[in-house]
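**Q** Following the working numbering, the numbering of the sequence shown begins with 324 at its first residue and continues without gaps. Where is the CB? At the ideal position from N, CA and C, for every residue including glycine. It should be emphasised that the depicted structure is a prediction, and the values quoted were computed from it without experimental measurement.
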Amino acid sequence: MANISILGLGAMGQALAARFHQQGHTVTVWNRTPGKAGALTTKGAREATSAADAVTASNIVVMCVLDYAASGAVIDDTASALSGRVLVNLTNGTPVQARAAAERVAALGAAYLDGGIMATPPMIGGEHALILYSGSKAAFDAHADALRDLGAADYLGADAGLASLHDLALLSGMYGLFAGFFHASALVDSEGIRAGAFLKLLGPWMTAMMGELPGYAEKIDSGRHDLNVVSNLGMQTASLDNILTATREQGVATDLLDPMLGLFRKRDGAGFGDEDISGVLELIRRKRIAGG
Ligand SMILES: NC(=O)c1ccc[n+]([C@@H]2O[C@H](COP(=O)([O-])OP(=O)(O)OC[C@H]3O[C@@H](n4cnc5c(N)ncnc54)[C@H](OP(=O)(O)O)[C@@H]3O)[C@@H](O)[C@H]2O)c1
């Protein structure tokens with residue numbers, strides 16, 4: 324069992340602290356605004372008088388605050404106490420922010436692990452909770468057992484930005500799925516068909532289309548969008564154009580799918596109509612540096 328301090332007692336920090344305490348760790352908590360530790364202290368956690376006091380209490384310090392402006396402010400306040408500790412920052416941010424925080428914390432003499440929580444607070448400690456980590460491998464290896472008390476722990480590499488990158492990419496996939504669902508629901512809603520009823524058709528269709536992803540991934544990774552093409556971009560541009568025409572005819576806004584049709588047309592217009600739609604990646608991906 325470990326001594327663990329939690330900085331930040333919002334909905335997520337509370338869940339993390341409660342789970343660590345439930346698993347038998349010695350838990351110290353701190354929150355910028357006092358008065359949020361009530362339920363935890365009743366169970367036996369200690370409320371620190373300051374963030375620095377909380378950091379001093381434990382070898383492992385888990386921070387989960389609103390954003391990187393907030394986590395930066397907490398690092399400022401605890402700078403003199405951090406040396407020799409492991410800071411696990413589960414605050415949502417960008418890869419650039421995570422790398423900057425890692426550099427700053429290392430300069431203060433502490434090990435840094437960044438994390439992306441793929442769960443809601445009630446899921447913490449449950450079988451579907453996943454937390455992505457990157458940064459100090461030594462810190463991850465030393466504390467993996469305690470971190471696994473929160474959920475599955477996936478260490479992605481020494482670059483502190485990797486957890487955030489994967490976290491945000493997973494969420495991007497989710498928002499794309501939701502966008503398709505919202506557009507489809509608006510389309511059937513225009514004729515009074517309820518989203519819940521339509522989901523009986525849409526759900527299995529989307530699941531079936533998931534089967535296309537490994538083939539697209541292969542084309543994206545190789546840059547060969549001309550191989551094994553069964554539904555070419557030219558045909559799919561006409562098809563998506565038709566969907567948006569029908570959408571307008573139904574009095575529904577096309578905002579969610581307009582950008583995709585724009586990319587399809589651009590790639591088609593550039594002479595890639597016979598290739599696969601995965602070729603739109605070439606319009607948005609970061610340009611690779613030769614030899615890199
Ligand atoms: N909730 C979720 O479903 C979920 C899921 C995955 C990841 N996350 C991530 O987890 C993090 C925390 O989320 P949450 O749901 O716990 O948010 P929340 O309930 O809104 O709590 C925000 C926390 O940040 C603190 N805070 C804000 N500004 C601060 C500052 N300048 N200095 C110090 N502390 C500050 C707040 O302290 P005060 O009480 O003093 O305001 C509070 O403890 C976020 O980065 C979020 O993206 C959340």
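1) Compute the minimum distance between the beta carbon of Thr417 and the heavy atoms of ligand 1, and state whether it is under 7 Å.
2) So Val511 is in the alpha helix (DSSP H); what residue range does that whole segment cover?
3) Using only the alpha-carbon positions, how far apart do Leu405 and Asp544 sit?
4) In this structure, does DSSP put Leu410 in helix, strand or coil?
5) In chain order, what residues of the same chain lie with their CB nearer than 6 Å to the CB of Asp591, ignoring the 5 residues before and after it?
6) Would you say Met324 and His348 are within 8 Å of each other, going by their C-beta atoms?
7) Can you tell me which of the three DSSP states Asp624 falls into?
8) Which residue wins for smallest C-alpha separation from Tyr478, given the options Arg471, Tyr456, Ala425?
9) Measuring only the C-alpha atoms, how far is Ala509 from Gly526?
10) Near Asp581, which residues of its chain fall below 8 Å by C-beta distance, leaving aside the five closest residues on each side in sequence?
11) If I follow the unbroken alpha helix (DSSP H) through Leu557, where does it start and stop?
12) Rounded to the nearest angstrom, what separates Val428 and Ala520 at their Cα positions?
13) What is the DSSP secondary structure of Gly361, counted as helix, strand or coil?
14) With a threshold of 7 Å, establish whether the CB of Met583 neighbours any heavy atom of ligand 1.
15) Along the alpha helix (DSSP H) that carries Asp400, what are the first and last residues, could you check?
**A** On the basis of the supplied data:
1) Counted from its first residue, the sequence shown places residue 417 at position 94. Every heavy atom of ligand 1 is 7 Å or more from the Cβ of Thr417, so no.
2) Indexing the sequence shown from 1 puts residue 511 at position 188. Its alpha helix (DSSP H) spans residues 484 to 512.
3) Position 82 of the sequence shown holds residue 405. Position 221 of the sequence shown holds residue 544. Spanning the two alpha carbons is a distance of roughly 41 Å.
4) To locate residue 410, count along the sequence shown from 1; it is residue 87. In this structure, Leu410 counts as strand in the three-state DSSP scheme.
5) If you number the sequence shown from 1, residue 591 lands on position 268. Closer than 6 Å at Cβ, skipping near neighbours: Leu556, Gly557, Thr560.
6) The sequence position of residue 324 within the sequence shown is 1, counting from 1. The sequence position of residue 348 within the sequence shown is 25, counting from 1. Their beta carbons are under 8 Å apart, which means Met324 touches His348 by this criterion.
7) Nothing about residue 624 can be reported from this structure: the residues present for the chain run from 324 to 615 only.
8) By 1-based counting over the sequence shown, the position of residue 478 is 155. Ranked by Cα distance from Tyr478, the first of Arg471, Tyr456, Ala425 is Tyr456.
9) By one-based count along the sequence shown, residue 509 stands at place 186. By one-based count along the sequence shown, residue 526 stands at place 203. Straight through space, the alpha carbons of Gly526 and Ala509 are spaced by roughly 15 Å.
10) As a position in the sequence shown, residue 581 is number 258, starting the count at 1. The answer, listed in chain order, is Leu567.
11) In the sequence shown, residue 557 corresponds to position 234, counting from 1. Here the sequence assigns Gly to residue 557, which means Leu is not the residue at that position. Counting along the chain, the alpha helix (DSSP H) containing Gly557 begins and ends at 556 to 572.
12) If you number the sequence shown from 1, residue 428 lands on position 105. If you number the sequence shown from 1, residue 520 lands on position 197. In a straight line, the C-alpha of Val428 is about 52 Å away from that of Ala520.
13) Within the sequence shown, numbered from 1, the residue matching residue 361 stands at position 38. Reduced to three states, the DSSP call for Gly361 is helix.
14) Here residue 583 refers to the residue found at position 260 when the sequence shown is read from its first residue. No; taking the cut-off as 7 Å, the Cβ of Met583 has no heavy atom of ligand 1 nearer than that.
15) Taking the sequence shown and counting its residues from 1, the one referred to as residue 400 is at position 77. Start and end: 391 to 401.
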